[in-house]
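Structure first, then comments.
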DNA sequence: TTCACAAATGCAACTTGGTTGCATTTAAAT
DNA sequence: ATTTAAATGCAACCAAGTTGCATTTGTGAA
Ligand SMILES: [Mn+2]
Ligand SMILES: [Mn+2]
Ligand SMILES: [Zn+2]
Ligand SMILES: [Zn+2]
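Residue numbers (the numbering used here), protein chains in the order written: chain A, 253 to 387; chain B, 253 to 387.
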């Protein structure tokens with residue numbers, strides 16, 4: 253008997269069918285430490301994959317909390333493994349202005365903002381631009 | 253003799269020609285307290301305006317520091333009067349999840365983030381999602 | 001194991017925010 | 001008034017993402 257793979261558990265728990273596309277996708281996300289764009293994914297997933305299938309799965313995964321979508325202010329969405337919320341706060345993202353890599357910054361202190369009266373804050377998203385350690 | 257209008261000064265100082273389109277645009281921005289999308293502008297500027305002309309002027313204005321472009325994570329750029337930097341830091345933006353209005357939050361304390369070793373921060377952009385005072 | 005059905009896939013056509021090339025017009029310097 | 005570079009308008013284009021629909025596939029019940 254072989255033990256159930258972690259990605260299988262993940263898909264099962266979310267009530268998503270275990271298809272070839274999804275298993276390839278989810279494994280790729282688990283191995284990648286940086287955020288991935290549609291093009292990154294298409295290039296990485298050897299067998300050419302239909303555009304709408306890929307986008308639909310990204311949406312499903314996002315809704316299921318398997319991945320999170322990142323807006324790095326380039327106009328192109330990036331996706332990374334895991335939920336966006338860590339202990340209730342959205343984590344920040346670092347965008348390297350040199351190599352374009354998008355990093356999830358898990359360990360940062362959440363910023364404290366005193367919003368004007370009458371405004372109710374639900375969620376704060378932070379994008380940090382700069383030069384990464386590799387560049 | 254009439255005194256020079258403030259928008260005239262602005263255009264002159266930046267070395268931009270004072271065209272009808274630009275004067276209409278710049279006046280509109282000065283009267284608007286909220287950020288404006290391409291569609292907002294097109295709807296507001298009575299005389300129908302060419303798409304590329306509008307976009308080109310938005311880019312010129314942005315480069316000249318007359319307006320700043322805001323990414324509110326909807327995928328549609330918004331523009332607001334003034335420079336993005338207040339005393340060296342980018343100001344935060346509040347996006348109402350109810351009425352979609354984007355507010356420039358000028359008075360917020362600059363946040364201190366301790367970025368991992370090797371990463372150099374150039375600029376921090378913050379988008380706050382919530383419910384505005386009017387909603 | 002087979003059957004039935006809902007959900008996932010693939011393909012093509014579409015939408016939308018934004019850009020580009022080029023001919024014509026216009027602001028402004030001389 | 002003349003000249004010239006920059007601004008405008010138009011059409012064609014581009015890329016990211018979405019949608020409708022016929023076909024295939026995973027899964028649970030028979
Ligand atoms: Mn992240
Ligand atoms: Mn602003
Ligand atoms: Zn880098
Ligand atoms: Zn509101």
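By construction, the Cβ of each residue, glycine as well, lies at the ideal position given by its N, Cα and C atoms. All of these numbers come straight from a predicted model, not from anything done at the bench.
Residues that DSSP places opposite residue i in a beta bridge
i, result
"residue 357 of chain B", "B/344"
"residue 338 of chain B", "B/341"
"residue 331 of chain B", "B/288, B/321"
"residue 283 of chain A", "In the DSSP output, where bridge partners are listed per residue, residue 283 of chain A has none listed."
"residue 367 of chain B", "Paired residues: none, contrary to the question."
"residue 375 of chain B", "A/381"
Proximity of residue i and residue j at Cβ, strictly below 8 Å
i, j, result
"residue 288 of chain B", "residue 259 of chain B", "no"
"residue 331 of chain A", "residue 301 of chain A", "no"
"residue 318 of chain A", "residue 367 of chain B", "no"
"residue 329 of chain A", "residue 321 of chain A", "yes"
"residue 348 of chain B", "residue 382 of chain B", "yes"
"residue 346 of chain A", "residue 384 of chain A", "yes"
"residue 291 of chain A", "residue 323 of chain B", "no"
"residue 294 of chain B", "residue 306 of chain B", "yes"
"residue 274 of chain A", "residue 263 of chain A", "yes"
Contacting residues, own chain, Cβ-Cβ under 8 Å from residue i (five flanking each side not counted)
i, result
"residue 282 of chain A", "258, 259, 333"
"residue 327 of chain B", "none"
"residue 365 of chain A", "373, 376"
Contacts around residue i, its chain only, beta-carbon distance under 7 Å, and the 5 residues preceding and following it disregarded
i, result
"residue 344 of chain A", "357, 360, 378, 380"
"residue 266 of chain A", "316, 318"
"residue 335 of chain B", "317, 320"
"residue 286 of chain B", "353, 354, 355"
"residue 254 of chain A", "Low confidence applies to residue 254 of chain A: its pLDDT is 46, below 50, so where it sits in the model is not reliable, and the reading given next is rough at best. Excluding sequence neighbours, residue 254 of chain A sits near nothing in its chain."
"residue 369 of chain A", "none"
"residue 299 of chain B", "none"
Sequence-distant residues of the same chain with beta carbon closer than 6 Å to residue i, five excluded per side
i, result
"residue 297 of chain B", "276"
"residue 304 of chain B", "none"
"residue 325 of chain B", "379"
"residue 314 of chain A", "321"
"residue 284 of chain A", "none"
contact_flag[the region 265-284 of chain B, the region 367-375 of chain A] where n(CB pairs < 8 Å) is 3 or more: no
Taking beta-carbon pairs under 9 Å, can you tell me which members of the region 287-315 of chain A lie near chain B? If the cut-off is 9 Å between Cβ atoms, the region 287-315 of chain A has nothing near chain B.
Does the structure place the region 334-347 of chain B close enough to the region 345-356 of chain A that three or more beta carbon pairs sit under 8 Å? no
Output needed in chain order: residues of the region 364-383 of chain A with a Cβ under 8 Å from some Cβ in chain B. 364, 365, 366, 367, 368, 369, 370, 371, 372, 373, 374, 375, 376, 377, 378, 379, 380, 381, 382, 383
Looking at chain A, which residues of the region 316-328 of chain B have a Cβ within less than 8 Å of any of its Cβ atoms? 323, 325, 327
If contact means a Cβ-Cβ distance below 7 Å, which residues of the region 336-359 of chain B contact chain A? 344, 346, 349
Could you please tell me which residues of the region 268-283 of chain B, in chain order, have their CB closer than 9 Å to any CB of chain A? none
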